[in-house]
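Each residue of the sequence shown is one higher than the one before, starting from 1 at the first, in full-length UniProt numbering.
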Amino acid sequence: MRRTGSSGPLGAVLVGLALLASAPAWAASLEFYQTVNSEEVGTEDTFVLTVVTKDAPEDAKVRLPRSDDFEVLNSSRSSQRSISLSGGGPPVIQDVTKYVLTMRANRAGNLTIPAAEMSTGGKTHRTESLQISVKPGRLGSSSRAQGGTPQGRSRDPFASLPSSQPDPFADEPVEDSPSIPRGDSDLFLRSSLDRDEVFVGEQVTLTLHIYARVDLSSVDSVMMPKLEGFWSEELDSPSRLEPEQKFVGGVPYRVYLLRRRAIFPVKSGTLSISAAEADITTGFLFAGHRLHRVSNALKVKVNPLPPGAPPGMSNANVGSWRLSVDVSQTRVELGQPVTVKVILEGSGNVKNVTPPKLVGPAPLKVYDPTTTDKVTPVRNKVQGRRVVEYLVMPQRTGTFTLPALEFPFFDSRTRKYEVARTEPITLTVEPSAGGASSLPSSSMPVQDPGNGPKNLLTPDGVRPVRFQARFVGPSEPPWKRAYFLPLVAAPLGLLLGFALLGGVRGRLATRSEADRGRQQAKAARKRLVEAEKLQAGADSGAFYAEVEKALHAFLGARLGGPVTGLTREVISERMTTAGVAPERRARVLYVLEACDLGRYGGGGDAAARQQVLDAAVAAMEGWA
């Protein structure tokens with residue numbers, strides 16, 4: 001039956017678009033709240049603070065929470081408009097804006113996240129402040145598992161929408177496991193292991209990555225850690241930097257693989273892996289900066305192999321192995337060699353494993369073997385084969401047997417001892433074409449025709465060679481000649497000349513180095529003038545970046561070397577070594593921390609910027 005009073009589906013769509021254009025008239029009441037995804041975290045963990053506004057006016061200005069107890073590692077803003085049609089009534093239009101802050105606590109204790117503020121229509125709206133418990137160290141995901149529902153107002157802003165509509169924030173990335181170091185959050189190295197507890201001889205994969213939020217130009221040098229107590233095999237060493245997008249604690253990073261190695265512990269106990277180092281150039285062309293970064297150190301717990309090992313078991317025989325024997329021929333004539341290959345293949349430490357030794361009866365002489373290896377890593381696991389090739393020479397005719405071979409190993413997958421075996425090999429030696437049934441023993445004397453008499457002089461033979469000498473008087477000795485004294489004195493004169501030249505160049509270099517340091521310090525002070533021009537601008541990040549560059553340049557001039565890329569602790573140690581007063585050191589560290597917070601935490605107001613600028617000027621003035 002056809003309905004009247006309706007313009008059909010097209011009319012419904014037009015009505016919906018008309019209502020969407022007049023969203024403020026249909027908007028629901030204003031809502032403003034904040035939530036945190038965990039009530040208990042560690043000082044090395046990150047957590048997510050979410051500030052939500054619902055149906056806020058267009059002129060609304062939101063001020064996110066700020067506190068010295070927390071640092072903001074990343075922030076994002078997203079908006080969504082939805083229309084809900086239900087029961088034939090007027091549509092419900094919602095405008096939701098979501099601010100997501102990835103944060104980390106600066107100290108342990110029961111800390112308070114201040115309220116967020118929103119100003120609109122001459123009024124100020126505030127959310128509730130949140131309480132969070134911070135423990136020393138890193139709690140990881142356990143705190144979230146115990147924390148349950150996020151603190152604060154957990155109401156879903158899209159709960160009233162039909163279930164058929166997808167959540168616009170459902171595809172947000174999941175946090176990664178590495179912790180972000182303090183002071184080097186924009187660029188850092190991280191070493192990781194695929195496992196931290198293994199048996200002796202079992203493979204562990206060591207991977208070195210660069211995590212960057214800045215543009216990379218090149219990696220100039222990489223120094224891998226000293227792997228004492230490990231056998232190492234290279235798995236992957238890319239020649240080009242290929243980035244991969246990952247999220248660390250909710251912060252987006254470009255991740256570059258530097259090295260991947262398979263390491264096999266050769267002894268039990270807790271083994272340490274020192275930090276790796278790399279020199280990295282950021283930026284491009286003349287704007288590039290060379291930074292030195294140090295990764296984290298690692299430890300591996302290595303358990304000894306369980307008891308009950310079969311005879312001949314070695315710590316290198318760990319993995320999954322197959323043993324086979326390849327014989328060139330089983331029927332041979334006397335005097336002809338036989339090639340026997342002992343092949344051990346599988347996954348494990350291919351280049352350190354020792355296949356069983358081939359032995360035979362006395363009539364079969366077995367020569368020393370040659371060994372060839374072929375390593376083919378598959379999915380970061382070392383696999384391959386080791387071939388030991390023997391040359392067997394029969395000494396007499398008959399039928400002889402090469403005994404079976406056994407190779408005991410510990411299967412890292414089943415955690416059990418296994419033994420790989422081969423079948424015995426029977427060789428039939430037939431007489432040679434000459435009919436001989438045995439070869440002469442090596443102990444029998446063999447006459448060498450070359451040992452006969454040679455070059456005998458006979459009456460009718462060759463005459464002996466005669467030499468006719470010519471005698472002359474002795475010449476004048478060299479030390480009595482005219483050129484001897486100048487030749488001896490020349491090296492001493494050159495040595496004195498080089499010494500004088502080196503002293504003059506050293507004094508000139510010392511003066512030029514001091515002048516260069518004074519010029520650099522003067523240029524750094526002038527840079528603060530450029531930062532002062534940016535103070536009142538809208539780009540707070542540019543202001544803080546300029547102040548930080550000026551202070552870095554000044555410290556590099558005064559401390560006798562660049563400090564860009566160094567951590568706060570290293571800069572403090574260099575200032576202490578240079579004899580800088582504690583008050584001035586504290587002021588320098590305060591300015592550097594304030595610049596980091598200003599670049600990533602919102603920038604602060606004009607008074608905060610002026611305070612940072614004054615502190616930077618005070619840190620540079622009166623430097624001894």
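Just so it is clear, CB atoms sit at the ideal spot from N, CA and C, and this is done for glycine as well.
Item, Value
"Supposed close pair G269, R138 - CB separation, criterion 8 Å", "Between R138 and G269 the Cβ distance is about 25 Å, and since that is not below 8 Å, they are no contact."
"Through-space distance from S179 to M223, alpha-carbon basis", "22 Å"
"Inter-residue Cα distance where the pair is E40 and S191", "27 Å"
"Whether L206 touches R240 by CB criterion (9 Å)", "no"
"N-terminal and C-terminal residue of the alpha helix (DSSP H) that residue 681 is part of", "The structure shown has nothing for residue 681, since the chain only spans 1 to 624."
"Exposed unless 16 or more other CB atoms sit within 10 angstroms - verdict on A581", "exposed"
"Boundaries of the beta strand (DSSP E) in which M620 is found, first to last residue", "No beta strand (DSSP E) contains M620, which is instead part of the alpha helix (DSSP H) from A606 to M620."
"K299 versus E44: straight-line alpha-carbon distance, rounded", "19 Å"
"C-alpha gap between L187 and E593, whole angstroms", "16 Å"
"Counted within 10 angstroms of its Cβ, other Cβ atoms place E583 as buried (16 or more) or exposed", "exposed"
"Proximity to E277 [Cα-Cα], best of I210, V62 and T124", "I210"
"Residue burial classification, A21 (beta-carbon count within 10 angstroms, cutoff 16)", "Note that A21 has pLDDT 46, beneath the 50 cutoff, so the model's placement of it is unreliable and the number below is only indicative. Flag for A21 reads exposed."
"DSSP-derived helix/strand/coil call for K267", "coil"
"Chain-order list of residues whose beta-carbon lies under 7 Å from that of L227 (same chain, five-residue window excluded)", "I263 and I273"
"Candidates E406, V570, L235 and F498: closest to P355 by CA position", "E406"
"Pick from G598, A607 and M575 that is closest to M620, judged by C-alpha positions", "M575"
"Collapsed DSSP secondary structure at I180 in the structure displayed", "coil"
"Residue range of the unbroken alpha helix (DSSP H) whose run includes G398", "Counting along the chain, G398 falls outside any alpha helix (DSSP H), though it belongs to the beta strand (DSSP E) covering G398 to L402."
"Extent of the continuous beta strand (DSSP E) to which L427 belongs", "I425 to E430"
"Length of the line joining the Cα atoms of T426 and V419", "22 Å"
"Touch test, the stretch 286-297 against the stretch 561-571, Cβ-Cβ under 8 Å, three pairs minimum", "yes"
"Short Cβ contact (9 Å threshold) for P424 with P403", "yes"
"V338 in three-state terms, based on DSSP", "strand"
"In chain order, each alpha helix (DSSP H) run of at least 4 residues that lies wholly inside the stretch 33-72", "none"
"Secondary structure of A420, DSSP reduced to three states", "strand"
"For S163, the three-state DSSP class (helix, strand or coil)", "A caution first: S163 carries a pLDDT of 45, below 50, which makes its placement in the model unreliable, though a value can still be read off. DSSP places S163 in coil when its eight states are reduced to three."
"CB-CB length for T401 against V388, believed under 8 Å", "Not quite, the Cβ-Cβ distance comes to about 19 Å (not below 8 Å), so this is no contact."
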